[in-house]
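In our numbering, the protein residues as written are 584 to 970.
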């Protein structure tokens, strides 16, 4: 028994209505606690005084009733505080749980690793790229010999080139997944060779009968007029999972370069005539320098046109060949299912606890601030209530 319970049971003891067991406990506590013993003695003295002085029954019963109501109210307050504690605990749990779920839902998911046997489209892009735009080049000024009028007349002929056909560069990329890797790899090369094409690049990875699936990347050059036939033939090899085609019209750059080449050739003819008519060493040196400069541009434009012609006449085909295996589904045993479920449960539990820690740490500043506000409000309210 503690002092509070002693105080609550004291009046019943003095009235003689307290059970014997509680009365014994009350006396035992009074023997141990000096304050409660003094209170008991004081109340007993007061009771003796009350017995000597006749007090109206109505006053005595009202006083006792008030004490009982006060005791009952204290018990109700204790229950209310206990109920409020449980509600606050439940609210905090719901808050943390809900915040953790929101944090978990917003967590970025990582992409699963590759290697699945399903037929996902895989894009393969060639690493080779060419700048097909014509370079903007400046001609160095001639020193000493004035060829300005001749150059103006020659460059004025650039737009006279007649555009006969469009120059189109076609590029195709596709992905094939196959169960027969070796046969299909050879089949693609045979189809390309049969159409007059050539192989520019081949990269094959993996070993036969290995657990790691094999793959190969090929860059083929196929005659442009037979490109559609090659695509149709390749569709019969394995399973075509992706196909992209790209066309680039370089007619403007091509014919501009051709006109510049023709201009330089005509300029070379004029320079050769001037070289034959040169009468002094100074003119001879300057003309030969101009001839060397002109020959450089002739070679440059010729190489550029040859590159254009190769890109137009032979389309580029990028092939990605990927080996796959048929997935064999086996029914798991009861033990395997239980073990898998336990592993999943443990993994999810660890992840959930981690998310909960993250949320609590993130919400800690706001929780502390809210706690301070509540504490201050209670403090102010308590002071007002005491006044």
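Using N, Cα and C, we set each Cβ at its ideal position, and we do this for glycine too.
Just so it is clear, the structure is predicted and the values come from calculations on it, not from any experiment.
In the three-state reduction of the DSSP assignment, residue 868 falls in the helix class, which pools H, G and I. Setting aside the 5 residues that flank it on each side, residue 950 has no residue in the same chain whose C-beta is closer than 6 Å to its C-beta. Following the DSSP letters along the chain, one finds residue 965 inside the alpha helix (DSSP H) bounded by residues 917–969. Under the three-state reduction of DSSP, residue 861 is assigned to coil, being neither helix nor strand. Bounds of any alpha helix (DSSP H) do not take in residue 601, whose DSSP letter is neither H nor E. In the DSSP assignment, residue 796 falls outside any alpha helix (DSSP H), carrying neither H nor E. Between residue 752 and residue 895, the C-beta gap is smaller than 7 Å, which places the two residues in contact. Rounded to whole angstroms, the separation of the alpha carbons of residue 811 and residue 805 is 10 Å. Under the three-state reduction of DSSP output, residue 782 falls in the strand class. By the CB criterion at 7 Å, residue 870 and residue 861 fall inside the cutoff. Comparing C-alpha distances from residue 624 to each of 909, 851, 596 shows the shortest one belongs to 596. The way I'd put it, the segment 781–794 doesn't touch the segment 823–838; fewer than three beta-carbon pairs between them come closer than 8 Å.
A Cβ-Cβ separation of about 14 Å leaves residue 773 out of contact with residue 904 under the 8 Å criterion. The beta-carbon separation of residue 683 and residue 942, rounded to 5 Å, stays under the 8 Å limit for a contact. In the three-state DSSP reduction, residue 828 falls in the strand class (E or B). Beta-bridge partners of residue 856 (DSSP): none assigned. Remark: C-beta atoms of residue 840 and residue 756 do not approach each other more closely than 7 Å. Per DSSP, the beta-bridge partners of residue 758 are 825, 903. Contact check for residue 803 and residue 775: beta-carbon distance about 5 Å, within the 8 Å limit, so the pair qualifies. In the DSSP assignment, no residue is bridged to residue 764.
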